[in-house]
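The opening residue of the sequence shown carries number 1161 in our numbering; numbering runs sequentially from there. Backbone N, C-alpha and C define an ideal beta-carbon position, used for all residues, glycine too. Reading through the structure tokens given below for one structure.
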Amino acid sequence: MKVVFKRPKSLKDKRFHFCPGCHHGIIHRLVAETLDYFNLREKAIGVAPVGCAVFLYDYLNCDITESPHGRAPAVATGIKRSLPDRFVFCYQGDGEITAIGTAEIIHAANRGELITVIYVNNAVYGMTGGQMAPTTVVGQKTTTCPYGRSPENSGYPIRMVELLNTLEAPAFLARVKVNSPRAVREARKVLRRAFEKQINGIGFSMVEFLSACPTGWRMDPIFACKWIDEEMECYFKIGIIRDRE
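See below:
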């Protein structure tokens, strides 16, 4: 009998600790599938953040190191320059990339570091209670803006993919979502494309994943998936922004 679906070798056989409806588990699987697809497990080094994905080492069956909050691109830069034959990737949240780690991601991209960044954007600080993040959508309610985000008070959400697209060096920049089977299939293709940029020595790549946080959003998982389509995607447009050969 032909096997059409199974657990990737790069994904450990462990129950996920994430909240019901969280998309981190789907994204973890896509990363593991892509590591398997390119036979990278034995040479991959992941850099895990502080945040919901801090336990990345519990789930991915490859070498993982921890970094201070927001500093994953700097840590990944040091690893890749020291071990250029390794495949080095970061797994980060929106609080890291668009707040405490803004300098690290911008300068790593600007230098064209040969690393791959998986950027999970759920528009809130999920681990610490659902506070407003730099990516919280205008009008979105959080624990720290219960009446909705106001641009006059808090500014507008930061589109990091578009911001990095103003730089010369990045080789691949894209945004995807994983709230439906079709979206997952498209995200898989895009993530493989991003991995190829490092494998082929072309340059820095980053894929942003629009991700549901039903707990932080105070929504049921089904409505959270719809909210990505109807609200979040209106501001964070899906697609490949840059793809340099």
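Three-state secondary structure (DSSP) of residue i
i, result
"G1376", "helix"
"R1319", "coil"
"N1281", "strand"
"M1161", "coil"
"L1154", "As shown, the chain starts at 1161 and ends at 1405. That puts residue 1154 outside it, with no answer to give."
"L1171", "strand"
"C1394", "helix"
Residue i: first and last residue of the uninterrupted beta strand (DSSP E) it sits in
i, result
"R1402", "G1399 to D1403"
"A1208", "A1204 to A1208"
"F1383", "Unbroken run through F1383 is the alpha helix (DSSP H), P1381 to W1387; no beta strand (DSSP E)."
"V1298", "First-last for V1298: undefined, no H or E at that position."
"E1368", "S1365 to L1370"
Spatial neighbours of residue i in its chain, beta-carbon cut-off 8 Å, leaving aside the 5 residues before and after
i, result
"K1203", "D1245, R1246 and F1247"
"F1215", "H1177 and A1208"
"V1336", "A1343, E1346, A1347, V1350, L1351, V1367, E1368, F1369, L1370 and I1398"
"L1327", "I1266, A1269 and N1270"
Residue i classed as buried or exposed, judged by whether at least 16 other C-beta atoms fall within 10 angstroms
i, result
"S1310", "exposed"
"R1378", "exposed"
"K1166", "exposed"
"V1367", "buried"
"V1163", "exposed"
"S1227", "buried"
"R1241", "exposed"
"C1182", "buried"
"D1254", "buried"
The ligand GTP heavy atom lying under 6 Å from the CB of residue i
i, result
"F1178", "The ligand content of the structure shown is nil, which means the ligand GTP is not present either."
Close Cβ partners of residue i (< 6 Å) along its chain, the five nearest in sequence each way excluded
i, result
"C1373", "N1282, V1284 and G1286"
"R1201", "S1170, L1195 and C1222"
"G1272", "A1329, G1363 and F1364"
"P1294", "T1258, A1259 and I1318"
Bounding residues of the alpha helix (DSSP H) (the contiguous stretch that carries residue i)
i, result
"P1193", "In the sequence as presented, Pro is not what sits at residue 1193; that position holds Glu. H1184 to Y1197 is the extent of the alpha helix (DSSP H) around E1193."
Cutoff 7 Å; reference residue i; Cβ partners in own chain excluding five residues on either side
i, result
"M1299", "Note on residue identity: the sequence assigns Gly, not Met, to residue 1299. Same-chain partners within the cutoff: G1308 and R1309."
"N1325", "L1333, I1401 and R1402"
"I1186", "V1338 and V1344"
Those runs of the beta strand (DSSP E) which lie wholly inside the region 1219-1262 and span at least 3 residues: List check, beta strand (DSSP E) in window: 1223-1226 and 1247-1253.
Write down every uninterrupted run of the alpha helix (DSSP H) in the region 1308-1357 whose length is 4 residues or greater and which is fully enclosed by it, in chain order. Runs of the alpha helix (DSSP H) inside the region 1308-1357: 1311-1314 and 1320-1324.
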